[in-house]
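**Student:** Residue numbering for the sequence shown follows the working numbering, beginning at 262 and increasing consecutively.
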Amino acid sequence: MKPATYFLETFGCQMNVLDSQLVAARLREMGLRRVDSPREADVVLFNTCSVRQHAEDKVLSRLGGLRALKRRRPETIIGVIGCMAERVRHELFAQVPHLDLLCGPGELHHLEALLVEVSERHEQLAALASSQSRRTTAAERGQADDPLEVLDSSRHAVPGESVLQSYVRVQRGCDKFCTYCVVPFVRGPERSRPPANIVAEVRSLVAQGCREITLLGQTVNSYVYQDGERTVRFAELLEQVHAIDGLDRIRFVTSFPADWDDSIFRVLRDCPRVCPYLHLPAQSGSDRVLKAMKRGYTVAEYLRIVDTARRYVPDIALAGDFIVGFPGETEEDFQATVELVRRIEYKSIFVFKYSPRPGTSAERAREDDVPAETKSRRNNELLAVQSVISLRQKRALIGRTVEVLVEGYSKAARRLQDSDADTGVDAGDGLPDGCAHDRAASGITASPRQLAGRTPHDSIAVFDGEPAHIGAIVNVRIESVSPLTLFGRIEGVRSPARVSIR
Ligand code: 5AD
Ligand code: SF4
């Protein structure tokens, strides 16, 4: 039977969110309709993450939950796509006998063919990377005939799906091999996309109503493309994207400190539509740990980049990632991380408890010797330090006016719209607007007219408004704050919505 409907759930990073959007567009081209639950679907797909064991465990539990469904409706195709498919490979078929399909993140352009084959042959089938040569340089590899280019450049509009804020990939894979990280194994070698294809994709998104682009790469600032005689690096790519008419905002994630090039700061300073925001993971504040992680920089070098950033763009918002409980991390090492977080005054940080990943050099060579409760304590301590900093920074904005790109109704508003009473059930997706206790801490009660959006510094702002504001850039005067959210009132529209968004 030819499948007619699909369910797709995404785990992990922005790269996966983009892959899922591209996959959804292709499934739609095949004539499949998206549904909200696996029960209604002929094809159930999980786009997975392997960065931490916890992310894989969640998928295994979802798959376990589908056993009965598969027994009842054996024709349902169940597939795992993305990083976990590539990491666990065929073993996953043995582990989950009711699984039909595996497709690695570098093979998603084969997904349609794979689906057709599975539905015809009723066999477990996989598309996984066979060998991805690492012998060529990153610049040589990113050439236009790269088969992976097929997926990104096949992008087209999906009716009903807003392109207001879109991700565009500039680079695939990673060559850094930080000792804890599985990404270079599952996403393959670093390859940069041709600048002309990136610019064409952004232009087409802008023509469809996109106002904000986030350029994505595992180490986005390492972008390098050999265009005939010319070498195009990230600063130049940013300038090319900035020159596109009608685009309001440009962001880029994630930057890799060891490859930092100060000419990117020149672009951040001189190109007003490039947002004053930099996600620059430090991972640790201890040189000893950074060395064991093979990050390729010292704390002093990291601080130099941050100081230079602030010289060029004084109000730049910084975000960072940290891993706590890396093997051998002592209390002294951890306190050095706390010290770094205090010193930098990030806008926000993401903290992860070390999770040993099979096949990585840290997992092979180092015992996971920091006890779980110590990891949890360090995780909480670091977040608490940051929370004080975030609140202080946000309080300084009270009484000021910020520019907000309105994304839609806040989660709280959508809950109120869905039911007469606020049941406290999380809608589970869409816009962050600060969680319920965050709102409570601010003394603000949500209304069904509450909208949410982001400032150029990537802070979330919520305020009451009209449906016509969705998709517009508005001025919001900040009246109160919580560590995660700005609460305010619309003062005026800077630039009206260009397309109507639900
Ligand atoms: N354990 C914990 N956190 C990890 N990260 C990457 N690999 C691991 C791991 N094995 C974190 C890093 C990275 C973020 C995306 O995930 O902080 O920046
Ligand atoms: Fe992983 Fe390091 Fe590559 Fe980032 S730079 S994806 S942490 S190996």
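Positions of the beta carbon are idealized from the N, C-alpha and C atoms, including for glycine.
One question on the structure: do W521 and N482 come within less than 8 angstroms of each other, judged by their Cβ atoms?
**Tutor:** Yes, these two residues count as a Cβ contact at 8 angstroms.
**Student:** My output table needs one value for A682: the three-state DSSP class, helix, strand or coil.
**Tutor:** In this prediction, A682 has a pLDDT of 44, which is less than 50 and means its spatial position is unreliable; what the coordinates show is noted afterwards. If DSSP states are grouped into helix, strand and coil, A682 belongs with coil.
**Student:** What first and last residue would you give for the alpha helix (DSSP H) that runs through L466?
**Tutor:** Segment P456 to A468, the alpha helix (DSSP H) holding L466.
**Student:** Confirm the yes/no value for this check: CB of T480, any heavy atom of the ligand SF4, distance under 7 angstroms.
**Tutor:** Within the cutoff, so yes.
**Student:** Where does A405 land, buried or exposed, given buried means 16+ other C-beta within 10 angstroms?
**Tutor:** Low per-residue confidence applies at A405: pLDDT is 45, beneath 50, and the placement is therefore not dependable, though the value from the model is reported in the following sentence. The residue is exposed, with fewer than 16 neighbouring Cβ atoms inside 10 Å.
**Student:** If I'm right that L551 touches G581 with Cβ under 8 angstroms, what's the distance once you round it to whole angstroms?
**Tutor:** The pair is not a contact, with the Cβ atoms about 13 angstroms apart (cut-off 8 angstroms).
**Student:** Is the segment 706-713 touching the segment 465-475, taking contact as three or more C-beta pairs under 8 angstroms?
**Tutor:** The segment 706-713 is not in contact with the segment 465-475.
**Student:** Could you give the DSSP three-state label for Y486: helix, strand or coil?
**Tutor:** Looking at Y486 - three-state DSSP - the assignment turns out to be strand.
**Student:** Give the single residue among V742, S743, I734 and R759 whose Cα lies nearest to the Cα of E752.
**Tutor:** Of V742, S743, I734 and R759, the residue nearest in Cα terms is I734.
**Student:** State the beta-bridge partners of C435 as determined by DSSP.
**Tutor:** C435 pairs with nothing; no bridge assigned.
**Student:** By the 10 Å Cβ neighbour count, where 16 or more other Cβ atoms means buried, how is D265 classified, buried or exposed?
**Tutor:** Going by the sequence as given, residue 265 is Ala instead of Asp. With fewer than 16 other Cβ atoms within 10 Å, it is exposed.
**Student:** By the three-class DSSP mapping on this structure, what secondary structure does V567 have?
**Tutor:** Helix, per DSSP.
**Student:** Whose C-beta lies closer than 6 angstroms to the C-beta of R627 among residues of the same chain, with five residues either side of it excluded?
**Tutor:** Around R627: P588.
**Student:** Can we count I584 as close to the ligand FMN, meaning its CB is less than 7 angstroms from some heavy atom?
**Tutor:** Annotation note on the ligand FMN: not contained in the displayed structure, which lists the ligand 5AD and the ligand SF4 as its ligands.
**Student:** Does the Cβ-Cβ distance between C536 and R512 come in under 8 angstroms?
**Tutor:** In contact: C536 and R512 (Cβ atoms closer than 8 angstroms).
**Student:** With a threshold of 7 angstroms, establish whether the CB of C435 neighbours any heavy atom of the ligand SF4.
**Tutor:** C435: yes, Cβ under 7 angstroms from the ligand SF4.
**Student:** In terms of residues, what are the limits of the beta strand (DSSP E) holding K555?
**Tutor:** From DSSP, K555 is part of no beta strand (DSSP E); its letter is neither H nor E.
**Student:** Could you tell me if S394 is buried or exposed, where buried requires 16 or more neighbouring beta carbons within 10 angstroms of its beta carbon?
**Tutor:** With a pLDDT of 48 at S394, under the threshold of 50, the modelled position of that residue is not reliable, and no figure is offered here.
**Student:** Taking the DSSP output, what are the residues bridged to C364?
**Tutor:** I342 and A388.
**Student:** Give the straight-line distance between the Cα atoms of A755 and E727, rounded to the nearest whole angstrom.
**Tutor:** It is worth fixing the name first, because residue 755 is Arg in this sequence and not Ala. One C-alpha to the other measures close to 15 angstroms.
**Student:** Is there at least one non-hydrogen atom of the ligand SF4 closer than 7 angstroms to the beta-carbon of F517?
**Tutor:** Yes; taking the cut-off as 7 angstroms, the Cβ of F517 has a heavy atom of the ligand SF4 nearer than that.
**Student:** Going by C-alpha distance, which of L643, A633, R430 and A597 is nearest F611?
**Tutor:** Considering only alpha carbons, the answer is L643.
**Student:** Less than 7 angstroms between C-beta atoms, sequence neighbours within five positions excluded: which residues of the same chain meet that for L658?
**Tutor:** Hits under 7 angstroms: I739, V742 and L747.
**Student:** Distance, Cα to Cα, R301 vs A329?
**Tutor:** Reading off the sequence, residue 301 comes out as Glu, not Arg. Answer to the nearest angstrom: the Cα atoms are 14 angstroms apart.
**Student:** Would DSSP call Q479 helix, strand or coil?
**Tutor:** Three-state DSSP puts Q479 in coil, outside helix and strand.
**Student:** How big is the Cα-Cα spacing for E634 and S761?
**Tutor:** Near 49 angstroms, if we compare the C-alpha coordinates of S761 and E634.
**Student:** Skipping 5 residues on each side, what residues in its chain have a beta carbon closer than 7 angstroms to that of V278?
**Tutor:** Correct list, in chain order: T271 and Y428.
**Student:** Just mark E590 as buried or exposed, buried being the case when its beta carbon has 16 or more other beta carbons within 10 Å.
**Tutor:** The residue in question, E590, is buried, as its Cβ has 16 or more Cβ neighbours within 10 Å.
**Student:** Find the nearest neighbour of L745 within the set Q647, E668 and G660, judged by alpha-carbon distance.
**Tutor:** It is Q647 whose Cα lies nearest to the Cα of L745.
**Student:** With respect to the alpha helix (DSSP H) encompassing F354, which residues constitute its N-terminal and C-terminal limits?
**Tutor:** Segment E352 to Q356, the alpha helix (DSSP H) holding F354.
**Student:** List the endpoints of the continuous beta strand (DSSP E) containing E634.
**Tutor:** Note, E634: premise wrong, no beta strand (DSSP E); alpha helix (DSSP H) at A633 to R656.
**Student:** When the Cα atoms are used, what is the spatial distance from P575 to L360?
**Tutor:** If I take the Cα positions, the gap works out to 52 angstroms.
**Student:** Closer than 8 angstroms is the cut-off here; do at least three beta carbon pairs connect the segment 300-318 with the segment 339-356?
**Tutor:** Result yes; three or more Cβ-Cβ pairs closer than 8 angstroms.
**Student:** If I'm right that V585 touches K655 with Cβ under 8 angstroms, what's the distance once you round it to whole angstroms?
**Tutor:** No, V585 and K655 are not in contact; Cβ-Cβ is about 24 angstroms, not under 8 angstroms.
**Student:** Can you give the Cα-Cα distance for L372 and V599, rounded to whole angstroms?
**Tutor:** Each residue's alpha carbon lies about 44 angstroms from the other.
**Student:** Take S281 as the anchor and find which of S298, P366, L425 and S524 has the nearest alpha-carbon.
**Tutor:** The option with the nearest alpha carbon to S281 is P366.
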